[in-house]
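Engineer: In full-length UniProt numbering, the protein residues as written are 1 to 229.
Every residue gets a Cβ at the ideal spot worked out from N, C-alpha and C, and that includes glycine.
Computed from a predicted structure; not experimentally measured.
Below are the structure tokens for one structure; questions will follow.
Okay, here's the thing in structure tokens:
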């Protein structure tokens, strides 16, 4: 069935399990469509413990990952393995917490290697920096361009040198995320498979100036499996 904007395809008929024979396949048109974003943060009430809170999506219809490709292997023991190699594998997303704080992050599964049983397989992936080293902040500071610093460190120190250094020294290092995928339906005659996923990854750090928040993303996924040549 053809999808609308920002939606992954669905399967008509099929079976409610993973019904592909053991062998090597190429996964194509791998699509991940988020349906829920939650962020771990302190509650609106004072001294409340951090917990995952529902958010309001601020990004328009550009948050779905699509056209992802990579080898997909089905072992004789029934386990599967998928390696992400190419495709539209990242999307800049911003959500808003109940208190009004906006949390930007880069939704991605770059370099994912996922393995396990079809009903529960997953692994780690790379989360690149939300902004690159050439990005300049409002004071003209950047990682590879712009000023080295825009705030002088006071002589003798006032106890806030570390915070000032975080603003001055830009850090565009990548981080890690994890994802778990589950197959809910497959149709071997057309090579289609769909399921649900849940991923956990860090939010933007403003190039090292802020501590990242944990972002939990839940949704549905779709892929087409073709026998490898």
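Quick check: residue 32 and residue 177, are their CB atoms within less than 8 Å of each other?
Structural biologist: Going by C-beta atoms, residue 32 is not nearer than 8 Å to residue 177.
Engineer: What does the alpha-carbon distance come out to for the pair residue 23 and residue 81?
Structural biologist: Cα to Cα, residue 23 sits roughly 11 Å from residue 81.
Engineer: Quick one: residues in its chain with C-beta nearer than 7 Å to the C-beta of residue 226, no 5 flanking neighbours on either side, listed in chain order?
Structural biologist: Closer than 7 Å at the Cβ level, and outside the excluded window around residue 226, lie 25, 26, 28 and 191.
Engineer: With 8 Å set as the bound, which would you pick, yes or no: does the beta-carbon of residue 25 sit closer than that to a beta-carbon of chain B?
Structural biologist: In the structure shown, chain B does not exist; there is a single protein chain.
Engineer: For residue 99, which residues in the same chain have their Cβ closer than 6 Å to its Cβ, ignoring the five residues on either side in sequence?
Structural biologist: Here the set comprises 44.
Engineer: Could you give the DSSP three-state label for residue 44: helix, strand or coil?
Structural biologist: Reduced to three states, the DSSP call for residue 44 is coil.
Engineer: How would you write the range of the beta strand (DSSP E) that residue 129 sits in, first residue to last?
Structural biologist: Note, residue 129: premise wrong, no beta strand (DSSP E); not H, not E.
Engineer: Only counting the same chain, and skipping five residues up and downstream in sequence, which positions put a Cβ closer than 7 Å to that of residue 37?
Structural biologist: Same-chain partners within the cutoff: 55, 57, 95, 215 and 217.
Engineer: Whole-angstrom Cβ separation of residue 74 and residue 20, contact assumed at under 8 Å?
Structural biologist: Residue 74 to residue 20, Cβ: 5 Å. Contact.
Engineer: Have a look at the DSSP bridge pairing and note the partners of residue 106.
Structural biologist: Residue 106 is bridged to 92.
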